[in-house]
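Colleague:
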Amino acid sequence: MSSITWITAVVMLLTKGQRWFEITFFAGVGSALLTLVTPDVGNFGFPHFRFFHFFSTHALVIVAVVYMLFVHRKHVFLRSVFRVWVYLNVYAAGVFMVNWFVPYANYMYLMEKPPSPSPFDWFGPWPYYIFVLQAVSLVVFLIMYGVYKLLKKSGSTRSP
0 MSSITWITAV VMLLTKGQRW FEITFFAGVG SALLTLVTPD VGNFGFPHFR FFHFFSTHAL
60 VIVAVVYMLF VHRKHVFLRS VFRVWVYLNV YAAGVFMVNW FVPYANYMYL MEKPPSPSPF
120 DWFGPWPYYI FVLQAVSLVV FLIMYGVYKL LKKSGSTRSP
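To convert, note that position 96 of the sequence shown is 95 in my numbering; the numbers rise steadily by one, no gaps.
(1) Alpha carbon to alpha carbon, how far is Lys148 from Lys15? Give it in angstroms, no decimals.
(2) Less than 8 Å between the beta carbons of Glu21 and Val70, yes or no?
(3) Please name the residue in Gln133, Tyr128, Val9 and Phe95 whose C-alpha comes closest to that of Ile61.
(4) Can you list, in chain order, the residues of its chain with a C-beta nearer than 6 Å to that of Tyr128? Leave out the 5 residues immediately preceding and following it.
(5) Is Thr7 near Ser30, with beta carbons less than 8 Å apart?
(6) Quick check on Tyr90: does DSSP put it in helix, strand or coil?
(7) Taking the alpha-carbon positions, what's the His57 to Ser1 distance?
(8) Quick one: measure Cβ to Cβ for Phe24 and Val75, integer angstroms, because I've assumed they're closer than 8 Å.
(9) Keeping to the same chain, check which residues put their C-beta closer than 6 Å to that of Met11; ignore five residues upstream and five downstream.
(10) If we ignore side chains and look at the alpha-carbon of each, how far apart do His47 and Pro124 end up?
(11) Residues in its own chain within less than 7 Å of Val139 by CB, not counting five upstream and five downstream?
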């Protein structure tokens, strides 16, 4: 998830496209926040380069979205929640096919849970956790939209 949202963030910044912004807002910020809260840096602890790379790339996706909100005054809509959720599921279906045909591939953890303890452990065994993750992602997107609307209503997303 992180790799594709890093790409969508770059494309969003280059094109200023609304769809790219929506994808990066929901999938990028949603996954980056959850990943920063539950990091998996493997054996690459502080002060290893991979440690800094992990935290900086996830944080920069969030910074890119904040930039687009304040500088370019981008907006998300309720329909954006469902559109991005569908995009994410179509992308996951494609990734699943890659995983199916490439030996030992497990992109997006669609074939098995991460080896280290993670929130995936709360969602049941394979393949059930995939369906729970779909529901969780939709709920997270809806919460993000709700927070966005609250902040917008309070005037917090206006430019100075």
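Glycine included, each C-beta is placed from N, C-alpha and C at the ideal position.
Modeller: Let me spell this out:
(1) 21 Å
(2) no
(3) Val9
(4) Phe119 and Phe122
(5) no
(6) helix
(7) 7 Å
(8) 5 Å
(9) Trp19, Phe20 and Thr23
(10) 33 Å
(11) Gly29
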